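Report on the structure given below.
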Amino acid sequence: MDAAHTIRAAVARIGAIRGDATSNPRLRAALVVVKAFQAKRFAGTYTDLLRSAEYGAAARFFLEDLYSDKDYSQRDAQFSRIAGALQRLFPQQVVTTAVALAELHLLTEELDWQMATKWELHAASPGKNDIACYIASWRDVGRAEARMRQLDMVLSVGKDLDRLTRTPGLRLMLRMMRGPARAGGMGSLQSFLESGFDTFANMSGKGSSAAEFLSTIRTRESSWIQRLSMGDVAECEVSLRACLSDVL
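Count along the sequence shown from 1, add 242, and you get the number used in this note's numbering.
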């Protein structure tokens, strides 16, 4: 399957998931809560990076563009509409990153949807707070391997963006593409690429700093996946409460 077909298939599946959620207000509400909780968990996990002069921009980029609870409908619609043109207008390295982003977004939506279906049930149980609901929903869904694949995909997008910063002339090309991209309905994709490019290009150590940043993401997220999947429930609750304390 070529890039255009891959992107369109991913966006179509995401649209179907959203359609199912829209038709069920309670499930839609649960999905919103799950996404918001996960964004707060990320912010709490990386408080030090978010406050760092070196890694703050990269952490905010990951939080806002990869782990956010914001609505990506506009970007998804653009991806689907211009999937074919993407291959003609952008260099192959950018196309590869766009495909990886679409596939990552699909897996994230699938996991969030499954979490929401479980959350709805647990939230109806007396005495369960959001932390208890999150842990119980995570374990009901399971899919630890899919969680690790999701993490690998996030890191792959980060590595792609870091590599793009060392592609001669690409920043100038992206700047020159700004007008045509917006005119052609690719404004959200253009903004994502420019933001990601600038974020990684502005790290003082360039590739070495990016590698250290991505390694930190891998270590901490892998730990959370293992803890939430197999760790002691009471200890998980304590860890999550401590993680969220700075962002609640």
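Cβ coordinates follow ideal geometry from the N, Cα and C atoms, glycine included. Note that the structure is a prediction, hence the values are computed from the model and not measured.
1) What residue from R381, C375, K277, V399 has the CA that sits closest to E345's CA?
2) Using CA atoms only, rank isn't needed, just tell me which of R462, R483, F434, L470 is closest to D307.
3) Evaluate the contact criterion for the region 370–380 versus the region 469–485: three or more CB pairs, one atom per stretch, below 8 Å.
4) Report yes if the CB atom of G369 is closer than 8 Å to the CB atom of L403, and no otherwise.
5) In whole angstroms, what is the alpha-carbon distance linking L397 and Q468?
6) Let me confirm a value: D354 is counted as buried when at least 16 other C-beta atoms fall within 10 Å, else exposed. Which label applies?
7) Helix, strand or coil: how does DSSP classify T339 here?
8) Please state whether DSSP places T407 in a helix, a strand or coil.
9) Measure the Cβ-Cβ separation of A252 and L348 and say whether it is below 8 Å.
10) Is it right to say V475 is buried, meaning 16 or more other beta carbons lie within 10 angstroms of its own, or is it exposed?
11) Please classify P333: does DSSP put it in a helix, a strand, or coil?
12) Using 10 angstroms around the beta-carbon of T339, count the other beta-carbons present and answer buried if the total reaches 16, otherwise exposed.
13) Tell me, please, whether the CB atom of Q335 is closer than 8 Å to any CB atom in chain C?
14) For a quick check, are the C-beta atoms of A358 and A272 less than 8 Å apart?
15) From the DSSP output, in three-state form, read off A295 for me.
16) Of the choices A365, R385, H247, A299, whose alpha-carbon is the least far from that of S471?
17) Taking the straight line between their C-alpha atoms, what separation do you get for L414 and S451?
18) Please work out which residues of its chain come closer than 7 Å, Cβ to Cβ, to H364, disregarding the five sequence neighbours upstream and downstream, and give them in chain order.
19) Quick check on the DSSP output: the alpha helix (DSSP H) that includes G369 runs from which residue to which?
20) Taking 8 Å as the limit between beta carbons, can you name the residues of its chain near Q335, skipping five residues before and five after?
21) CA-CA distance, A443 and E362?
22) Tell me the rounded alpha-carbon separation between A281 and F332.
23) Answer with buried or exposed for R283, where buried requires no fewer than 16 other C-beta atoms within 10 angstroms of its C-beta.
Reading it off the structure:
1) If we check each option's Cα against that of E345, V399 comes out closest.
2) For D307, the closest C-alpha among the options R462, R483, F434, L470 is that of F434.
3) Output reads yes: the region 469–485 touches the region 370–380.
4) Their beta carbons are not under 8 Å apart, which means G369 does not touch L403 by this criterion.
5) Approximately 17 Å, taken between the alpha carbons.
6) Taking a 10 Å sphere around the C-beta of D354, we find 16 or more other C-beta atoms and assign the residue as buried.
7) Residue state, collapsed to three classes: helix.
8) Here T407 sits in coil by DSSP.
9) In terms of Cβ geometry, A252 and L348 form a close pair [threshold 8 Å].
10) Exposed is the call here.
11) Three-state DSSP puts P333 in coil, outside helix and strand.
12) By the neighbour-count rule (16 or more Cβ atoms within 10 Å), T339 is buried.
13) Any reference to chain C falls outside this structure, which holds one protein chain only.
14) In this structure, A358 sits near A272, with a CB-CB distance shorter than 8 Å.
15) Three-state result, A295: coil.
16) Measuring from the Cα of S471, the nearest candidate turns out to be R385.
17) Distance between the alpha carbons of L414 and S451: 23 Å.
18) For H364, same chain residues with a beta-carbon under 7 Å away, outside a window of 5 residues either side, are K370, C375, A378, S379 in chain order.
19) From DSSP, G369 is part of no alpha helix (DSSP H); its letter is neither H nor E.
20) Answer for Q335: D402, R405, L406, T409, L412, listed in chain order.
21) One C-alpha to the other measures close to 42 Å.
22) When the Cα atoms are used, A281 and F332 turn out to be separated by approximately 31 Å.
23) R283 sits buried, since 16 or more C-beta atoms from the chains shown fall within 10 Å of its C-beta.
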